[in-house]
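Chemist: Add 6 to the 1-based position in the sequence shown for this note's numbering, that's all there is to it. By construction, the Cβ of each residue, glycine as well, lies at the ideal position given by its N, Cα and C atoms. Note that the structure is predicted; figures quoted are calculated from it, not measured. Take this structure, written in structure tokens, and hold onto it; I'll ask about it next.
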Amino acid sequence: MLKTWIEILLVSTRLGLTSFGGPVAHLGYFRDEYVKKRQWLDERSYADLVALCQFLPGPASSQVGISIGIVRGGLVGGFISWFGFTMPSVIALILFAYFVTGFQAEDAGWITGLKIVAVAVVAQAIMGMGKNLAPDRPRIAIAVIAAVCALFFPTAIGQIAIIIIAGVTGYIMYRNQDVPKADKLAISISKKTGAAAWILFAGLLIGLPLLRQLFPSIWMAMFDTFYRVGSIVFGGGHVVLPMIEREVVPPGWISEETFLAGYGAAQAVPGPLFTFASYLGASMNGVTGALVATAAMFLPSFLLVVGMLPFWNFLREKSSVQAALMGVNAAVVGILLAALYDPVWTSAIKSTGDFALALAAFALLVYFKLPPWLVVLLAAAGGIVLGLIG
């Protein structure tokens with residue numbers, strides 16, 4: 007098992023160092039590494055995990071990474087997968103909090119290149135997932151309708167509603183058909199452990215505000231604040247930022263200027279945007295503050311995944327659930343298709359040069375089969391060139 011854990015650490019750390027472009031792009035990188043290259047799970051199982059994590063509050067891409075780590079290496083594997091994927095951006099943002107102020111990341115040419123490569127990564131993921139998860143006209147229709155609805159209702163609640171409606175549609179359409187069984191996920195967590203995780207998740211959510219009143223300190227206040235935000239936020243990192251701002255700026259924990267500087271830096275690093283908590287914690291109370299804020303922000307995600315996975319195989323094996331998941335998986339393709347346009351395309355493609363770079367990155371990924379990390383580096387260099395000639 008030690009060999010497996012080392013493998014998980016090495017793979018997840020490389021992803022943590024190269025996965026630029028936000029949560030949708032992360033899912034594309036994960037699919038390329040875990041499904042296509044290493045075959046740790048099949049396409050349907052991966053899409054099922056993505057759909058499950060869309061239902062849970064917290065950073066969906068981090069939760070998918072934790073889930074894959076658990077499937078591969080148990081609870082320890084899940085933690086290692088999260089650690090490897092998250093720590094590069096945590097370290098970068100802690101260093102930024104100590105040494106840099108006022109950095110406008112969005113103006114840097116290499117950041118432009120990293121945004122552009124996300125277009126290619128997401129497009130490649132949609133192509134691959136679409137072939138497997140929307141192979142016939144009914145499911146193509148579900149995917150297209152889901153994409154249109156996601157564009158017009160671009161909220162976390164809208165996304166969850168789309169998945170639910172697609173699941174009902176899939177159940178109605180495929181309940182009387184022979185649905186191919188999905189591969190059973192190798193989940194070593196017991197249902198008792200899952201139930202304990204749910205109890206701990208709810209207990210902390212309810213109990214931390216009380217403990218904060220009984221034992222007032224900056225550390226208890228920080229842990230309560232970041233745990234609560236991580237427990238209730240839907241919609242990914244861009245949604246969590248205004249929620250945190252309301253918690254840390256008005257009390258005077260951090261200035262608006264420092265907050266905004268960190269927001270710019272968070273866009274510049276790979277990995278999950280939720281590591282913005284690391285920057286805030288470091289700005290407030292040094293490295294210890296960063297560790298407390300990071301642990302509190304991601305702990306709910308870990309508990310929710312551990313709470314759900316022991317029951318997931320049981321649910322997936324039911325023919326009615328499998329029929330519903332056929333609709334859900336098609337909707338996931340549609341939601342990714344909508345995300346390809348907004349926010350990925352709209353934030354990255356601003357000129358003819360941007361589109362040309364995205365097209366080149368897509369060709370390098372899909373047709374020349376270059377590894378994603380190399381395409382990321384080439385796109386960053388391309389962004390610098392575009393900045394110089396633009």
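Please classify D48: does DSSP put it in a helix, a strand, or coil?
Modeler: coil
Chemist: Could you give the distance in angstroms between the alpha-carbon of I163 and the alpha-carbon of I395?
Modeler: Counting only the Cα atoms, I395 lies some 42 Å from I163.
Chemist: Please list, in chain order, all residues of the same chain as A397 whose beta carbon is under 6 Å from its beta carbon, the five residues on each side excluded.
Modeler: No information on residue 397 is available, as it lies outside the stretch 7 to 396 that the chain covers here.
Chemist: Examine the Cβ distances between the region 50-60 and the region 293-303 and report whether three or more of them are shorter than 8 Å.
Modeler: no
Chemist: So that I know if they touch, is there some Cβ in chain C lying closer than 8 Å to that of S307?
Modeler: This model lacks chain C altogether, as it is built from one protein chain only.
Chemist: Measuring only the C-alpha atoms, how far is L23 from A345?
Modeler: 23 Å
Chemist: With 16 as the cutoff for other CB atoms within 10 Å, does G34 come out buried or exposed?
Modeler: Counting other Cβ atoms within 10 Å of its Cβ, G34 reaches 16 or more and is therefore classed as buried.
Chemist: With a threshold of 16 other CB atoms inside 10 Å of the CB of N335, please say whether the residue is buried or exposed.
Modeler: buried
Chemist: Using the C-alpha atoms, what's the distance from F26 back to E253?
Modeler: 27 Å
Chemist: Under the assumption that T281 contacts T19 (Cβ atoms under 8 Å), give the Cβ distance between them as a whole number of angstroms.
Modeler: Wrong, their Cβ atoms sit about 14 Å apart, outside the cutoff.
Chemist: For A329 versus Y233, is the C-beta spacing smaller than 8 Å?
Modeler: No; because the gap between Cβ atoms is not below 8 Å, this pair is not in contact.
Chemist: Enumerate in chain order the residues of its own chain whose CB-to-CB distance from L210 is below 7 Å, with the five nearest sequence positions on each side excluded.
Modeler: Result list for L210: Y233, in chain order.
Chemist: Does Y373 come out as helix, strand or coil in the three-state DSSP assignment?
Modeler: coil
Chemist: Assuming contact is defined by CB atoms lying nearer than 8 Å, are I72 and S237 in contact in what I supplied?
Modeler: no
Chemist: How long is the line joining the alpha carbons of P316 and G200, rounded to whole angstroms?
Modeler: 6 Å
Chemist: Using only CA atoms, which one of A98, S87, I117 and V70 lies nearest to S353?
Modeler: I117
Chemist: Output yes or no for whether 8 Å exceeds the beta carbon distance between G119 and G359.
Modeler: Contact: no.
Chemist: State buried or exposed for L21, treating a residue as buried only when at least 16 other CB atoms are found within 10 Å of its CB.
Modeler: buried
Chemist: Between G134, L363 and V382, which has its C-alpha nearest G393's C-alpha?
Modeler: Comparing alpha carbon positions, the residue from G134, L363 and V382 closest to G393 is L363.
Chemist: Near V399, which residues of its chain fall below 7 Å by C-beta distance, leaving aside the five closest residues on each side in sequence?
Modeler: Outside the modelled stretch of the chain, which goes from 7 to 396, sits residue 399, for which no answer is possible.
Chemist: Assign I205 to buried or exposed, taking buried as 16 or more other Cβ atoms, counted over all protein chains shown, within 10 Å of its Cβ.
Modeler: exposed
Chemist: Starting from Q183 and walking both ways along the alpha helix (DSSP H), at which residues does that stretch end?
Modeler: Here Q183 belongs to no alpha helix (DSSP H), and DSSP marks it neither H nor E.
Chemist: Report the CB separation of A156 from G340 in whole angstroms; it is logged as a contact under 8 Å.
Modeler: 7 Å
Chemist: Throw me the rounded Cβ distance for the P63 and P278 pair, which I believe falls under 8 Å.
Modeler: Not really, about 14 Å apart at Cβ, beyond 8 Å.
Chemist: Grab the span of the alpha helix (DSSP H) containing E323 for me, first residue to last.
Modeler: Where E323 is concerned, the enclosing alpha helix (DSSP H) stretches over F282 to E323.
Chemist: Please work out which residues of its chain come closer than 7 Å, Cβ to Cβ, to W11, disregarding the five sequence neighbours upstream and downstream, and give them in chain order.
Modeler: Excluding residues within five positions, the ones whose Cβ falls inside 7 Å are G79, V82, G83 and I86.
Chemist: Could you tell me the boundaries of the alpha helix (DSSP H) in which S357 lies?
Modeler: No alpha helix (DSSP H) holds S357; DSSP gives it neither H nor E.
Chemist: Between the C-alpha atoms of V96 and M133, what's the straight-line distance to the nearest angstrom?
Modeler: Put simply, the backbone Cα of V96 is about 32 Å away from that of M133.
Chemist: Considering only their Cβ atoms, is the gap separating F368 from A124 smaller than 8 Å?
Modeler: no
Chemist: Restricting to runs no shorter than 3 residues, where is the beta strand (DSSP E) found entirely within the region 138-221?
Modeler: none
Chemist: Report the three-state DSSP secondary structure of P349 (helix, strand or coil).
Modeler: helix
Chemist: Would you call the CB atoms of A152 and A172 closer than 8 Å?
Modeler: Yes, these two residues count as a Cβ contact at 8 Å.
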